[in-house]
Amino acid sequence: MTFAAAYPFLTESGLGHEGTYIGSDVFGSGAFSYDPWILYDKGVISGPSIVVIGTVGTGKSMCAKSLVARSITLGRKAAVASDPKGEWVPVARAVGGKVISVGPGRRTRVNPLDTGPRASDLSNAQWQAVVRQRRRQLLVALVSLMRQGAPLLPVEHTALDMALTEAVAANATPTLPMVLDRLLDPAPETRKLVGPDGGTSVAHSLRRTVSGDLEGMFDAPSTVTFDADAPMMVMDTSGLIGASEQALSLAAACSATWLEAAITNPDGGKRLVVYDEGWRMLADPYMLVKMSEQWRLARTYGIANLLIMHKVADLNEIGDSTSGYRQKALGLLTEADTRIVYRQKHDSMRLTKEALGLTAAECEQVENLPKGVGLWKVGSRSFIVANRVTTDELEVFTTDHRMLE
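Under the numbering used here, read the sequence shown as residues 23 to 427, first letter to last.
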């Protein structure tokens, strides 16, 4: 036991051959394979969520793409919640997946109020309740985002609920413009309940989604569908590069709700759900809530969340140590039972050590890891793993094309 504590990487016997081949165990000199569902069944980990952290150019993206693409060959599926730089598009195409691209001027329309696939074990009443709650949460989030997080007044909640109810009564699959119309021109019973101006402020806040930065993206019936049978689905949001922070947040909220309706189906099979550029999503209150829900319910849905970040210090953008949002974001890292850490700078190690529960020996390794080599903390066990990729994979996975031209 003393020897294992002093030299953790020299005493490991490995996780076995089952799962996706990642590369070689640097100290064990054997192949390293990984699958969150297999390891959960064996009791090695208590949950399937994964976090990958590494500074630019250390190999974290290559590692994540290797895990996802190779898992697909073993029958798993994948979904990328948001691809802000378009890096996952070639991966999806290489594995026979599908890409949904949203952005100003593009033809694709995604209706965030779609019902999504229905779980087979839900009654009609239960399914209607799930869909209504999901739609209501999105509408409240969009209004709050436009108000910089300011909460809705009670009368505004009522106005929004009534507008949604009226829109659904007119069309089983409503759109955001339909809800907006009901807010601006409410039915007599709604006007009597909330007054002539009860929903006016909410309507003006919601209007930006149909006639502002997001016009033409989320304001009409969907022109695409989430193919639950496709090996990989990518929500390509690279068309929003250069957009305002609010526009990015609004788009993330719409995309996340639509994607959630599709992936949170127990009948959908085992699926890796990728959150790239995780620092941006964690800084968004609505996305943080959605991610927290999926972390807690991952086993129910059969999904493994994969969060990719540069460094733990990115959480400082969310708030100080007393911030509730920061604590919730930190909780996602600490609750991930698989933590993959690529090289970190010395000044980032204190926060990394505290957040990910690293030992002094592990921290020393992380500071000096070469490119393509990462520390894998799988449950209570540690490995130094060199990610191995083929020439063909390198062509698809690399993010350095422009630097090499």
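Glycine included, C-beta positions come from ideal geometry on N, C-alpha and C.
Check: So, is HIS423 buried or exposed, given that buried needs 16 or more other C-beta atoms within 10 angstroms?
Finding: Translated into positions along the sequence shown, residue 423 becomes position 401. With a pLDDT of only 46 at HIS423, under the threshold of 50, the placement of this residue in the model should not be trusted; the figure read from the coordinates follows. By the neighbour-count rule (16 or more Cβ atoms within 10 Å), HIS423 is not buried but exposed.
Notebook entry, point to check: What are the partner residues of MET184, as DSSP defines its beta bridges?
Noted result: Locating residue 184 in the sequence shown gives position 162, counting from the first residue. The partner list for MET184 (beta bridge, DSSP) is empty, contrary to what the question assumes.
Notebook entry, point to check: Any contact of the segment 155–166 with the segment 256–270, i.e. 3+ C-beta pairs under 8 Å?
Noted result: no
Checklist line | N- and C-terminal bounds of the alpha helix (DSSP H) containing ARG361 | finding: Looking up residue 361 in the sequence shown gives position 339. For ARG361, there is no enclosing alpha helix (DSSP H); the enclosing beta strand (DSSP E) has its first and last residue at 360–363.
Note to self: Please state whether the Cβ-Cβ distance between THR222 and MET184 is less than 8 Å.
What the structure shows: Sequence index remark: in the sequence shown, residue 222 carries index 200 (1-based). Sequence index remark: in the sequence shown, residue 184 carries index 162 (1-based). No, the pair does not count as a contact, with Cβ atoms beyond the cut-off.
Margin query: In the DSSP output, what is VAL295 paired with across the bridge?
Written below: On the sequence shown, position 273 is the one that residue 295 refers to. Partner(s): ALA101, ASN327.
Margin query: Assuming ILE72 is part of the beta strand (DSSP E), what are its boundary residues?
Written below: Translated into the one-based positions of the sequence shown, residue 72 becomes position 50. Element bounds for ILE72: 72–75.
Check: Does the distance from the CB of ILE362 to the CB of GLY401 come in under 8 Å?
Finding: The residue you call residue 362 lines up with position 340 of the sequence shown. The residue you call residue 401 lines up with position 379 of the sequence shown. No, these two residues do not count as a Cβ contact at 8 Å.
Check: Which residues share a DSSP beta bridge with ASN409?
Finding: Translated into positions along the sequence shown, residue 409 becomes position 387. For ASN409, the pairing in a beta bridge is given by DSSP as GLY45.
Item checked: TYR43 and ARG92 closer than 8 Å at C-beta -> The residue labelled residue 43 in the question sits at position 21 within the sequence shown. The residue labelled residue 92 in the question sits at position 70 within the sequence shown. Yes, they are a contact pair.
Check: Looking at the unbroken beta strand (DSSP E) that takes in LEU337, where does it start and where does it end?
Finding: Counted from its first residue, the sequence shown places residue 337 at position 315. No beta strand (DSSP E) contains LEU337, which DSSP labels as neither H nor E.
Checklist line | Buried or exposed by the 16-neighbour rule on C-beta atoms within 10 Å, applied to GLN316 | finding: In the sequence shown, residue 316 corresponds to position 294, counting from 1. Buried: at least 16 other Cβ atoms inside 10 Å.
Margin query: Please return the same chain residues whose Cβ sits closer than 8 Å to the Cβ of SER266, not counting the five positions on each side in sequence.
Written below: The count along the sequence shown starts at 1 and reaches residue 266 at position 244. Once the five neighbours on either side are set aside, the close Cβ partners of SER266 are ASP235.
Notebook entry, point to check: When the distance is taken between beta carbons, is GLY291 closer than 8 Å to LYS82?
Noted result: Taking the first residue of the sequence shown as position 1, residue 82 is located at position 60. Taking the first residue of the sequence shown as position 1, residue 291 is located at position 269. Taking 8 Å as the Cβ cut-off, LYS82 and GLY291 do not qualify as a contacting pair.
Check: Are the segment 294–311 and the segment 271–284 touching, with three or more C-beta to C-beta distances below 8 Å?
Finding: yes
Notebook entry, point to check: If you draw a straight line from the C-alpha of THR413 to the C-alpha of THR420, how long is it?
Noted result: Reading the sequence shown from its first residue, position 391 is the one you call residue 413. Reading the sequence shown from its first residue, position 398 is the one you call residue 420. Looking at the two C-alpha atoms, the distance is approximately 10 Å.
Checklist line | For LEU135, the three-state DSSP class (helix, strand or coil) | finding: Translated into positions along the sequence shown, residue 135 becomes position 113. LEU135: coil per DSSP, three-state reduction.
Note to self: Spatial neighbours of ALA225 within its chain, please: C-beta separation below 7 Å, excluding the five flanking residues on both sides.
What the structure shows: Within the sequence shown, residue 225 is the residue found at index 203, counting from 1. Closer than 7 Å at the Cβ level, and outside the excluded window around ALA225, lie LEU202, LEU205, LEU206.
Check: For the segment 104–117 against the segment 385–393, are there 3 or more C-beta pairs whose distance is under 8 Å?
Finding: no
Checklist line | Cβ neighbours of ALA189 in the same chain (closer than 6 Å, five flanking residues each side left out) | finding: Counting from one through the sequence shown, the residue named residue 189 turns up at place 167. PRO196, MET200, VAL201, ARG204, listed in sequence order.
Next item on the list: Just mark GLY300 as buried or exposed, buried being the case when its beta carbon has 16 or more other beta carbons within 10 Å.
Entry: Looking up residue 300 in the sequence shown gives position 278. Its Cβ being crowded by 16 or more others within 10 Å, GLY300 is buried.
Next item on the list: May I ask which residues mark the beginning and end of the beta strand (DSSP E) holding ALA53?
Entry: Against the sequence shown, residue 53 aligns to sequence position 31. From DSSP, the beta strand (DSSP E) with ALA53 extends over 53–56.
Item checked: ARG169 to ARG230 span [Cα, whole Å] -> The sequence position of residue 169 within the sequence shown is 147, counting from 1. The sequence position of residue 230 within the sequence shown is 208, counting from 1. Their backbone Cα atoms lie some 11 Å apart in a straight line.
Notebook entry, point to check: Rounded to a whole number of angstroms, what is the C-alpha to C-alpha distance between MET425 and THR80?
Noted result: Taking the first residue of the sequence shown as 1, we reach residue 425 at position 403. Taking the first residue of the sequence shown as 1, we reach residue 80 at position 58. Residue confidence is low: MET425 scores 34 on pLDDT, short of 50, so the model does not pin down where it sits. Its coordinate-derived value is still stated next. Looking at the two C-alpha atoms, the distance is approximately 15 Å.
Notebook entry, point to check: What are the complete beta strand (DSSP E) segments, minimum 3 residues, inside the segment 188–213?
Noted result: At a cut-off of 3 residues, not a single continuous stretch assigned as beta strand (DSSP E) sits fully inside the segment 188–213.
Checklist line | Three-state class that DSSP yields for TRP110 in the structure shown | finding: Here residue 110 corresponds to residue number 88 of the sequence shown, with the count starting at 1. Correct three-state label for TRP110: coil.
Notebook entry, point to check: From this set, VAL121, ILE263, TYR364, THR187, which residue's C-alpha is nearest PRO208's C-alpha?
Noted result: Translated into positions along the sequence shown, residue 208 becomes position 186. Closest by alpha carbon: THR187.
Check: With distances taken between CB atoms, is the gap from VAL162 to LEU174 smaller than 8 Å?
Finding: For the purposes of this step, residue 162 is taken as the residue at position 140 of the sequence shown. For the purposes of this step, residue 174 is taken as the residue at position 152 of the sequence shown. Yes, the pair counts as a contact, with Cβ atoms nearer than the cut-off.
Check: Do you know how far the Cα of GLU417 is from the Cα of GLU427?
Finding: Numbered from 1 along the sequence shown, position 405 holds the residue referred to as residue 427. Numbered from 1 along the sequence shown, position 395 holds the residue referred to as residue 417. Unreliable placement is indicated for GLU427, whose pLDDT of 34 sits below 50; the coordinate value is still reported in the next sentence. When rounded, the distance between both Cα atoms is 13 Å.
Item checked: Exposure of ASN146, with buried meaning 16 or more beta-carbon neighbours within 10 Å -> For the purposes of this step, residue 146 is taken as residue 124 along the sequence shown, with counting starting at 1. By the Cβ neighbour-count rule, ASN146 is exposed, with fewer than 16 other Cβ atoms within 10 Å of its own.
Item checked: Cβ neighbours of GLU40 in the same chain (closer than 6 Å, five flanking residues each side left out) -> As a first step, residue 40 is located in the sequence shown; it is residue number 18 there, counting from the start. For GLU40, where only same-chain residues beyond five positions count, the Cβ hits under 6 Å are ILE60.
Next item on the list: Return the CA-CA distance between ASN409 and LYS64, expressed in angstroms with no decimal places.
Entry: Within the sequence shown, the letter at position 387 stands for residue 409. Within the sequence shown, the letter at position 42 stands for residue 64. Each residue's Cα considered, the two are about 24 Å apart.
Next item on the list: Count the other C-beta atoms from every protein chain shown that fall within 10 angstroms of the C-beta of VAL407, then say buried if there are 16 or more, exposed otherwise.
Entry: Along the sequence shown, one-based indexing puts residue 407 at 385. Looking at its Cβ environment, which holds 16 or more other Cβ atoms inside 10 Å, VAL407 is buried.
Note to self: If distances are taken between C-alpha atoms only, which option among LEU378, ASP136, GLU384, ALA335 comes closest to ILE72?
What the structure shows: Looking up residue 72 in the sequence shown gives position 50. Closest by alpha carbon: LEU378.
Next item on the list: Take ILE94 and list the residues in its own chain whose beta-carbon comes closer than 7 Å to its own, dropping the five residues that flank it on each side.
Entry: Residue numbering aside, residue 94 sits at position 72 when the sequence shown is read from its first letter. A distance below 7 Å between beta-carbons, with the five flanking residues on each side excluded, links ILE94 to the following residues of its chain, in chain order: ALA100, VAL117, PRO253, MET254.
Checklist line | Three-state secondary structure assigned by DSSP to ILE94 | finding: Here residue 94 is taken as the residue at index 72 of the sequence shown, counted from 1. Helix, per DSSP.
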